[in-house]
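Residue numbers (our numbering): 1230 to 1587.
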């Protein structure tokens, strides 16, 4: 029954998150979680913060975390916004910078939350087809729009637009906000955070969920000109002034400052990714070049849905998108070496027509 729903959400199709199983134990390669634990310093900071001060509201601006990010990225506090995961930061950005009825552009194959936000907030969206090889054509993003949103590296393809391409898009839209969603940039991508000093229309969104192993803590952040940050704070403080709790602020700040641990773990993931790419190519898979903690793969003889279902029977969860152009692809999170070996073995059986193992 929808009789009590507002007209604004009557026809909304919400985002569908990846499966979080409860009925059995799986090798979980479907939601791009980091296979390794958070920084020990982050865990210690959370434990220290779990004290009697939890009776008090948290710092509404997350000063400790903002200062840690400023030190890590060489920015001013006024250039940083923090929120409850990058999804919340993105939703605030859509409300802050795109008017109802305006038209924004993003690729036809990208993070599926973007059209959900657009529909929810009454924003028209125009999609630009990726090329046949899934690279992004820059020219269609140059002007004739009210805003641009680009995931870089892209999801679910894992492919990256170079800094020169982002710079061209920024210069082609001087009066519009360009949002670059860098949720996966730490796994080999090139961040455009340094460009915020040159382009007041650039907002870069990142997260602690992936490269810092804090998906369960829900901490995201944005970098941009102080005017953009003020706009995000205007929306936030019109919705919920306390988006981050004390434990999240403490843990994410400590994780951000533990640069050695961060670098060691992301390099570990990247090494496993390249190893897995080689394994799957040997099995005949097409694997797109990834700068993320996942790979996007297809097989010439077995369709994506068949592989997805077969892997699930094998106890391995991956992500399959039943949508045009990519229905024969699987998005596979990079797990541990052992998990990726199990994946390769299962795919070898499935592509050889042997069926699931006993």
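Backbone N, C-alpha and C fix where the C-beta goes; we use that ideal spot for every residue, glycine too.
These numbers come from a predicted model, not from an experiment.
Kindly identify the DSSP beta-bridge partner or partners of residue 1436.
Position 207 of the chain shown, counted from the start, is the residue given in the question as residue 1436. Paired residue(s): 1449.
How would you label residue 1373, buried or exposed, when you count the other beta carbons within 10 angstroms and need 16 or more for buried?
Locating residue 1373 in the chain shown gives position 144, counting from the first residue. Under this definition residue 1373 is an exposed residue.
Which partner residues of residue 1312 appear in the DSSP bridge assignment?
For the purposes of this step, residue 1312 is taken as residue 83 along the chain shown, with counting starting at 1. Note: residue 1312 sits in a beta bridge opposite 1449.
Where residue 1550 falls: helix, strand or coil (DSSP):
Your numbering for residue 1550 matches position 321 in the chain shown. Coil.
Quick one: Cα of residue 1499 to Cα of residue 1575, how far?
The residue labelled residue 1499 in the question sits at position 270 within the chain shown. The residue labelled residue 1575 in the question sits at position 346 within the chain shown. Distance between the alpha carbons of residue 1499 and residue 1575: 22 Å.
Rounding to the nearest angstrom, what Cα-Cα distance links residue 1463 and residue 1291 in this structure?
Taking the chain shown and counting its residues from 1, one reaches residue 1463 at position 234. Taking the chain shown and counting its residues from 1, one reaches residue 1291 at position 62. Whole-angstrom Cα-Cα distance: 15 Å.
In its own chain, which residues sit with a C-beta less than 7 Å from the C-beta of residue 1247, not counting the 5 before and 5 after it?
Numbered from 1 along the chain shown, position 18 holds the residue referred to as residue 1247. Correct list, in chain order: 1259, 1260, 1548.
Integer Cβ distance of residue 1521 from residue 1413, believed to fall under 8 Å
Indexing the chain shown from 1 puts residue 1521 at position 292. Indexing the chain shown from 1 puts residue 1413 at position 184. Indeed, because the Cβ distance is near 4 Å, the residues count as touching under 8 Å.
Which value, in whole angstroms, describes the spacing of the CA atoms of residue 1235 and residue 1348?
Position 6 of the chain shown, counted from the start, is the residue given in the question as residue 1235. Position 119 of the chain shown, counted from the start, is the residue given in the question as residue 1348. Near 13 Å, if we compare the C-alpha coordinates of residue 1348 and residue 1235.
Which partner residues of residue 1295 appear in the DSSP bridge assignment?
Within the chain shown, the letter at position 66 stands for residue 1295. The partner list for residue 1295 (beta bridge, DSSP) is empty, contrary to what the question assumes.
Flag this pair as yes or no: are the beta carbons of residue 1408 and residue 1322 separated by less than 8 Å?
For the purposes of this step, residue 1408 is taken as residue 179 along the chain shown, with counting starting at 1. For the purposes of this step, residue 1322 is taken as residue 93 along the chain shown, with counting starting at 1. In this structure, residue 1322 lies closer than 8 Å to residue 1408 by Cβ.
Sub-8 Å separation of residue 1415 and residue 1381 beta-carbons
Within the chain shown, numbered from 1, the residue matching residue 1415 stands at position 186. Within the chain shown, numbered from 1, the residue matching residue 1381 stands at position 152. In this structure, residue 1381 does not lie closer than 8 Å to residue 1415 by Cβ.
Leaving out five residues before and five after residue 1384 in sequence, what residues of the same chain have Cβ atoms less than 6 Å from its Cβ?
Indexing the chain shown from 1 puts residue 1384 at position 155. Result list for residue 1384: 1340, in chain order.
Simplified DSSP state of residue 1231, which is helix, strand or coil
Within the chain shown, residue 1231 is the residue found at index 2, counting from 1. Looking at residue 1231 - three-state DSSP - the assignment turns out to be coil, as it is neither helix nor strand.
For residue 1318, which three-state DSSP category applies?
Here residue 1318 is taken as the residue at index 89 of the chain shown, counted from 1. In this structure, residue 1318 counts as helix in the three-state DSSP scheme.
Hey, how far is the Cα of residue 1389 from the Cα of residue 1375?
Along the chain shown, one-based indexing puts residue 1389 at 160. Along the chain shown, one-based indexing puts residue 1375 at 146. When rounded, the distance between both Cα atoms is 23 Å.
The stretch 1489-1497 in contact with the stretch 1533-1545 per 3-pair CB rule at 8 Å
no
Close Cβ partners of residue 1266 (< 7 Å) along its chain, the five nearest in sequence each way excluded:
As a first step, residue 1266 must be located in the chain shown, where it is residue number 37. Same-chain partners within the cutoff: 1442.
Among 1422, 1439, 1519, 1446, which has the Cα closest to the Cα of residue 1392?
Locating residue 1392 in the chain shown gives position 163, where the first residue counts as 1. Of 1422, 1439, 1519, 1446, the residue nearest in Cα terms is 1422.
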